[in-house]
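**Q** If you count by the working numbering, then the sequence shown holds residues 33 to 505, one letter each, in order.
Cβ atoms here follow ideal geometry from the backbone N, Cα and C, with glycine treated the same way.
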Amino acid sequence: MTTAVEHKAEPGWHEILRGEFSAVSAVLAAGIALHAVNITLSATMLPSIVAEIGGHSLYAWNATLATLAAILSAAVTGKLLRRTGVRLGFGMAGIVFATGSLLGALAWSMPVLLVGRVIQGAGGGMLFTLCYSMIIIVYPERLWSRAMALLSGTWGITMLFGPAIGGIFAEFGMWRMGFGIMLPITALFVALTLILLPRSPQDHRPTEPLAFGQLVLLAGSVLAISLGSIAPSITWAVAAVLVSILLLLSLMRREQIKTVRLFPRGATVPRTPLFLALSVMALLIFCINAEFFMPFYLQRLHGLSPLMAGYVAALVSIGWAASEVYSARFTGRKMHQAVLAGPILMMIACVVLGAATPMFGNAGPAMTSLLSIALIVLGVGIGVGWPHLNTFILQFTDENERDMAASALSTVQMFAVAFGTAAAGLVGNFTGFNDAGNQSTIANSAIWLFVTFGLVAGVAVLASRTLIAGQKE
Numbered sequence: 033m034t035t036a037v038e039h040k041a042e043p044g045w046h047e048i049l050r051g052e053f054s055a056v057s058a059v060l061a062a063g064i065a066l067h068a069v070n071i072t073l074s075a076t077m078l079p080s081i082v083a084e085i086g087g088h089s090l091y092a093w094n095a096t097l098a099t100l101a102a103i104l105s106a107a108v109t110g111k112l113l114r115r116t117g118v119r120l121g122f123g124m125a126g127i128v129f130a131t132g133s134l135l136g137a138l139a140w141s142m143p144v145l146l147v148g149r150v151i152q153g154a155g156g157g158m159l160f161t162l163c164y165s166m167i168i169i170v171y172p173e174r175l176w177s178r179a180m181a182l183l184s185g186t187w188g189i190t191m192l193f194g195p196a197i198g199g200i201f202a203e204f205g206m207w208r209m210g211f212g213i214m215l216p217i218t219a220l221f222v223a224l225t226l227i228l229l230p231r232s233p234q235d236h237r238p239t240e241p242l243a244f245g246q247l248v249l250l251a252g253s254v255l256a257i258s259l260g261s262i263a264p265s266i267t268w269a270v271a272a273v274l275v276s277i278l279l280l281l282s283l284m285r286r287e288q289i290k291t292v293r294l295f296p297r298g299a300t301v302p303r304t305p306l307f308l309a310l311s312v313m314a315l316l317i318f319c320i321n322a323e324f325f326m327p328f329y330l331q332r333l334h335g336l337s338p339l340m341a342g343y344v345a346a347l348v349s350i351g352w353a354a355s356e357v358y359s360a361r362f363t364g365r366k367m368h369q370a371v372l373a374g375p376i377l378m379m380i381a382c383v384v385l386g387a388a389t390p391m392f393g394n395a396g397p398a399m400t401s402l403l404s405i406a407l408i409v410l411g412v413g414i415g416v417g418w419p420h421l422n423t424f425i426l427q428f429t430d431e432n433e434r435d436m437a438a439s440a441l442s443t444v445q446m447f448a449v450a451f452g453t454a455a456a457g458l459v460g461n462f463t464g465f466n467d468a469g470n471q472s473t474i475a476n477s478a479i480w481l482f483v484t485f486g487l488v489a490g491v492a493v494l495a496s497r498t499l500i501a502g503q504k505e
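(1) Could you name the residues of the same chain whose beta carbon sits closer than 6 Å to that of T131, not counting the 5 residues immediately before and after it, in chain order?
(2) Rounded to a whole number of angstroms, what is the C-alpha to C-alpha distance between T76 and L481?
(3) Are the segment 215–224 and the segment 375–382 touching by the rule of at least three beta carbon pairs closer than 8 Å?
(4) Taking the CB atoms as reference points, tell me whether R434 and I64 lie closer together than 7 Å.
(5) Could you check whether M191 and A68 sit closer than 7 Å to each other, using their CB atoms as the reference points?
(6) If you check the beta carbons only, do S349 and G188 fall under 7 Å apart?
(7) For T300, count neighbouring Cβ atoms within 10 angstroms of its own Cβ and tell me buried if that reaches 16, exposed if not.
(8) Using the three-state DSSP reduction, which class does P390 fall into: helix, strand or coil?
(9) Please classify K40 as buried or exposed, where buried requires at least 16 other C-beta atoms within 10 Å of its C-beta.
(10) Here's a check: name, in chain order, each residue in its chain whose Cβ is nearer than 7 Å to the Cβ of L135, leaving out the five neighbours to either side.
(11) Pull up the distance between the alpha-carbon of L336 and that of L316, whole angstroms please.
(12) Measure how close the beta-carbons of L333 and I474 come, nearest whole angstrom, since I'm counting them as under 8 Å.
(13) What does the Cβ neighbour count give for R178, buried or exposed, with the cut at 16 atoms within 10 Å?
(14) How many angstroms separate the CA atom of F362 from the CA atom of F295?
(15) Based on Cα-Cα distance, which residue from I414, L306 and L330 lies nearest to L426?
(16) What does the alpha-carbon distance come out to for the pair M33 and A437?
(17) By DSSP, does G279 sit in helix, in strand, or in coil?
(18) Tell me the residue span of the alpha helix (DSSP H) that contains E84.
(19) Excluding the five sequence neighbours on either side, which residues of its own chain have a C-beta within less than 7 Å of the C-beta of F324, listed in chain order?
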């Protein structure tokens, strides 16, 4: 299997958005948008939900359990696709997602809502992975970067609308409708997949059992880091992080020695091209979690209104989507340069944010502009090389395991979000983030958070250099 990646021709966006691929592109983008909107919509409505049905003590478990379910379902969806085919796979994902949405709409208590969120998360993870799996099935290899950019760009842009939609439902006390509206939308989406998506060829490979041991280790790692972020003491928090890392290392080791695996061969073997590409992706996703903390800092340290703070923080997503759409046309040397430049830009952005964010006081135009530019650069840092990293991962994988590669893409992305959010929350909790009345301690937490993000971006710089150096040999 060769690991060198080359692109001779430069494909255009018209090949993705018009002609024979236009309908499929629209359906896949809609699937990504459905999952993305649901994530932010649910988070925005949650305060109103708790006010009506109670369950404040279980507040944090809404996101944790939904994310865990999405990660686990993403990990097995590649193998599910072998058994079901494309259309049945999307149909099953839609039914699971709609069932969770229905339970959410009918929930009379927080435990019932949590069950609904778990089912909904599982359906969302399946949809997310199936959409990425279709790239391999539908598009020729020269269009993979464009297709990846389309789906990731859709994710970034759609994440901007979820809070607004959820805010409308919450404002008028109609949070149940926020879940309920997902039912007809999901039904329409599934109908379109049945009409527009091609039938996948029959897979004659023998059906493999699920890698149950690896799934347990993956679930345990996510739960451990999530518990660490809300631990009552630094001792318990550090212990939880160590347990999470230990379980993750055990998962990697088990993947290397077992014949039944979750991920493609080489994905968990250090210094292989596939491992390096997945690592760079995970490290960049870890750093992008800065976006989730910025609205709080902008309001508490710089006096911005909630609406203004939200729009400024959203510049990360805009930078991500815009740079991804632009860089998807890169081939050859430019493609390698984009992968190398991304982590460097992200590290620079973290340094600027780490220096400027703690300088509390009412933000004037100059400070707001500086923070805005830094957040855009942060988004560009992940977006400029993102479609090429995704394409590398597919190309580094044996052809008969590319369905597993699509699962790996989804699983690693969602795991990195969960791990990054929890780890950053842990750092913030023990450096003053929760001391809402003291700007000095809040500023101190901002310093430590961006130091953490900057160090992780530095590791991504080293990993990307090793990856690209291997491609030039």
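**A** To lay it out plainly:
(1) I151
(2) 23 Å
(3) no
(4) no
(5) yes
(6) yes
(7) buried
(8) coil
(9) Interpretation of K40 is limited by its pLDDT of 49, a score under 50 that renders its predicted location unreliable; the figure taken from the coordinates is listed afterwards. Classification for K40: exposed.
(10) V144, V147, G148 and I151
(11) 27 Å
(12) 6 Å
(13) buried
(14) 28 Å
(15) L306
(16) For M33, the predicted model reports a pLDDT of 45, less than 50, meaning its position is unreliable; a value from the coordinates is still stated below. If you take the alpha carbons of M33 and A437, they lie about 15 Å apart.
(17) It should be noted that the sequence gives Leu, not Gly, for residue 279. L279: helix per DSSP, three-state reduction.
(18) S54 to I85
(19) T453
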